[in-house]
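Residue numbers (the numbering used here), protein chains in the order written: chain A, 85 to 277; chain B, 85 to 277; chain C, 85 to 277; chain D, 85 to 277. Beta carbons: idealized from backbone N, C-alpha and C, even for Gly. None of the values given here were measured: they were computed from a predicted structure.
There are 4 protein chains.
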Amino acid sequence: MSKGRLEAFSDGVLAIIITIMVLELRPPEGSSFEALKPLMPKFISYVLSFVYIGIYWNNHHHLFHAVNHVNGKILWCNTLLLFCISLVSFATAWMGENHFVAAPVALYGIVLLMCGISYWLLVKALLRHHGKDSLLAASIGNDFKGKISIIIYILGVLISFYNSWISMGLYTVVALIWFIPDTRIEKRIEKEI
Amino acid sequence: MSKGRLEAFSDGVLAIIITIMVLELRPPEGSSFEALKPLMPKFISYVLSFVYIGIYWNNHHHLFHAVNHVNGKILWCNTLLLFCISLVSFATAWMGENHFVAAPVALYGIVLLMCGISYWLLVKALLRHHGKDSLLAASIGNDFKGKISIIIYILGVLISFYNSWISMGLYTVVALIWFIPDTRIEKRIEKEI
Amino acid sequence: MSKGRLEAFSDGVLAIIITIMVLELRPPEGSSFEALKPLMPKFISYVLSFVYIGIYWNNHHHLFHAVNHVNGKILWCNTLLLFCISLVSFATAWMGENHFVAAPVALYGIVLLMCGISYWLLVKALLRHHGKDSLLAASIGNDFKGKISIIIYILGVLISFYNSWISMGLYTVVALIWFIPDTRIEKRIEKEI
Amino acid sequence: MSKGRLEAFSDGVLAIIITIMVLELRPPEGSSFEALKPLMPKFISYVLSFVYIGIYWNNHHHLFHAVNHVNGKILWCNTLLLFCISLVSFATAWMGENHFVAAPVALYGIVLLMCGISYWLLVKALLRHHGKDSLLAASIGNDFKGKISIIIYILGVLISFYNSWISMGLYTVVALIWFIPDTRIEKRIEKEI
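See the structure below:
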């Protein structure tokens, strides 16, 4: 089965999730710059989630670049990933409205953890379908970033009940880890193609 | 006429329907995990509908995989299917707000029934266009799953007035029937291509 | 310039417009079937607009099927068409909330008229780019349907101030004119390709 | 890496942003044409923003037409551009609700400025990847329009605190500069391909 429509559907869902979050940024009552101040927590949440979903789209793009064909299991792992990412918009809205207090920050971390785990399930399903000697397996490697992210998410969730700002810092660290382009992989793909 | 744009338009509409349902999950007033509890019925409705629309996308993907060309009638059957699926988001919202009482659960079943019937019309229009000896006809077979689903939907609607939880169970059974990958068909397509 | 992205962007915008209209169908307060009754005008408006936007997508699909390349002017005519169609969702919401009284029904007709005119501008821009002897020109022919639609829209707007139900009937007639598949054109395209 | 999915994702996001702005046009309370009057500022804001996002899509289309391949940096510059454009919908809503008073008009200009700068960063990243002798570099030229736009945006922001209508005029001028098709570039691309 070809991967074209899976990519198109995923692009569509990710494009919508990344965009509807801006609907939470309701225009404030007043018409002065002061009136924008209370929106700051929502804006910060929006920026962080936009970066995260941008990272997932980016990684999805990279991952399927080396994929040749898909099966039913891969389709469902992908749907699970999209479901988890759709919850990011809910967690973002709750966190933004409650100025980063404990429970919403913990939920945000739990949702990110679910996204991380479902992404890992998707990678595993793809690897089983393509084999250990495939270009895909080579380009994924030992997936150090994926593993360390999941550990940091768990830390972030646990710490949020003591100090939610440390958790926010940890979530930002994960975003930065992924944001920094993994040129090593890119070069490898370029070489082999 | 090529099937490319029909697939793209359907992917777009399904991606939007599956995603806007998350907008019903409004962040609660409080900032504790307790505050999330009243959202549970909405969340369960969301999960069920996400799975259903995921199944329709999945089946649509499989169905059009074996399609070569489309005509005006097929375009309109497809539009009818998309219309019925768009009503899933409405039925989901009503059911989630009313904690699975009779009428909303019945409406949910009616909408699923309409989706099932319009999918069946689409399949019929495709079969008439491709002929009985086509790969498409072979891959669809006797469409046992489609027929049993429609019977269970009707049962679910009728039973909802006595006990709406049994109806919810029946709707879940249909989702599971489709969820379990129909590897037989996949293998057949792979063999013939 | 290739037509691929213009088609993709148009598919995206039309898919969103056709889908966000369902957001107007807010779940009612009660949980009985009675509670759905006041939604009927909104539902009827939704059905009519869904059919109209389905028709525009369908026609857009047919039109660009015979198009080879696009220029800046065509891109802008297409953007104007998408803008006018986006107003359909607004007019639908207003009409649905006001039970088909004069002004909303007139506005609905005005918006349909704007869509019809901008579609006609798009066709003209495409014809100028492709020449009178092109397959495109042959497949469009004298565009009888387009002309008669515009006349009926104007009638509908004028009559709405006397009896808005006659206007609704006229809008439905136009939808039916387009709905009935124009097999003559389809066959012509098939023959020439 | 191929540019296909970047184009698809950008088309999706731009299609959603351009369309969700119409959700701000809430149907008014009354059912007479008078009732539409208070919506005029929102409608004007919508038209201006629709034209702007149409221009960005148009330019994006032109820009990537001459692009052969993309890298991680280009993906992120593109994501930044999409983020900035997503804020246009927020700024539009605030401006439309406050009848073009100083702060919202200034913010609108600031958002346009951010879009302009991020577009310029995207162009620079593309040029570095393709080289100074590429068709891309030739088709962009000295980017006079881009530079003059940024100057006018800054002027518009500054002037908005004295007279916000002059700012609105300036923003309209920028839109017109881009709206007028740059046939010189189109011809050049046509010649070289």
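Exclusion of the five residues before and after residue 134 of chain C leaves 102 and 105 as the residues of its chain whose Cβ lies within less than 8 Å of its Cβ.
Judged by DSSP in its simplified three-state form, residue 101 of chain B adopts helix.
For the 9 Å CB-CB criterion, residue 209 of chain B and residue 264 of chain B do not form a contact.
Taking the CA atoms as reference points, residue 223 of chain D sits about 15 Å from residue 156 of chain C. For the pair of segments examined, the region 135-151 of chain A was found to touch the region 198-212 of chain A: the number of CB pairs separated by less than 8 Å reaches three.
Residues of the same chain with a CB within less than 6 Å of the CB of residue 243 of chain B, apart from the 5 flanking positions on each side, are 250 and 251 in chain order.
Contact note: residue 240 of chain D does not reach chain A at a C-beta cutoff of 8 Å; the least C-beta distance is about 16 Å.
Using a Cβ-Cβ cut-off of 7 Å, residue 102 of chain D is close to 97 of chain C, given in chain order.
Contact between residue 139 of chain B and residue 262 of chain B is confirmed by a C-beta separation of about 4 Å, below the 8 Å threshold. Each of A:137, A:92 and A:240 was checked against the Cα of residue 187 of chain A, and the nearest Cα belongs to A:240.
Taking a beta-carbon distance threshold of 9 Å, residue 91 of chain D counts as an interface residue toward chain C. The alpha carbon of residue 107 of chain C has as its nearest neighbour, out of B:128, B:175, B:123 and B:111, the alpha carbon of B:175.
Its Cα nearest to that of residue 163 of chain A, the residue A:94 stands out among A:219, A:131, A:178 and A:94. What residue 138 of chain D touches in chain C, judged by beta-carbon distance under 7 Å, is 163, going in chain order. For residue 166 of chain A, the closest of A:184, A:96 and A:119 by C-alpha to C-alpha distance is A:96. In this structure, residue 112 of chain C sits away from residue 179 of chain C, with a CB-CB distance that is not shorter than 9 Å. At a cut-off of 9 Å between beta-carbon atoms, residue 120 of chain D makes contact with chain C. Contact of residue 226 of chain D with chain C is not assigned, every C-beta pair being separated by 9 Å or more. Under the three-state reduction of DSSP output, residue 212 of chain B falls in the helix class.
A distance below 6 Å between beta-carbons, with the five flanking residues on each side excluded, links residue 177 of chain B to the following residues of its chain, in chain order: 108.
DSSP places residue 180 of chain B in the uninterrupted alpha helix (DSSP H) bounded by 156-181. A direct Cα-to-Cα measurement between residue 122 of chain C and residue 253 of chain C gives close to 21 Å. A Cβ-Cβ distance of about 32 Å is found for the pair residue 132 of chain A and residue 221 of chain A, leaving them out of contact under the 8 Å criterion. Taking all protein chains shown into account, residue 212 of chain B has fewer than 16 neighbouring C-beta atoms within 10 Å of its C-beta and is therefore exposed.
Buried is the label assigned to residue 137 of chain D, since at least 16 other Cβ atoms lie within 10 Å of its Cβ.
In the structure shown, residue 109 of chain D adopts coil according to DSSP, grouped into three states. Excluding five sequence positions before and after residue 257 of chain A, the CB atoms of its chain that fall closer than 8 Å to its own CB belong to 236, given in chain order. In the structure shown, the three-state DSSP call for residue 195 of chain A is helix. Contact annotation: residue 89 of chain C and residue 118 of chain D have beta-carbon atoms that are not nearer than 9 Å.
Rounded to whole angstroms, the gap between the alpha carbons of residue 217 of chain A and residue 154 of chain D is 26 Å.
Judged by their CB atoms, residue 129 of chain C and residue 185 of chain C are not nearer to each other than the 9 Å cut-off. For residue 219 of chain D, there are no neighbours in chain C by C-beta distance under 8 Å, as the nearest C-beta there is about 14 Å away. Taking the CA atoms as reference points, residue 182 of chain C sits about 15 Å from residue 193 of chain C. The beta-carbon of residue 150 of chain C is placed no less than 9 Å from the nearest beta-carbon of chain D.
At the C-beta level, residue 196 of chain C and residue 255 of chain C come within 9 Å of one another.
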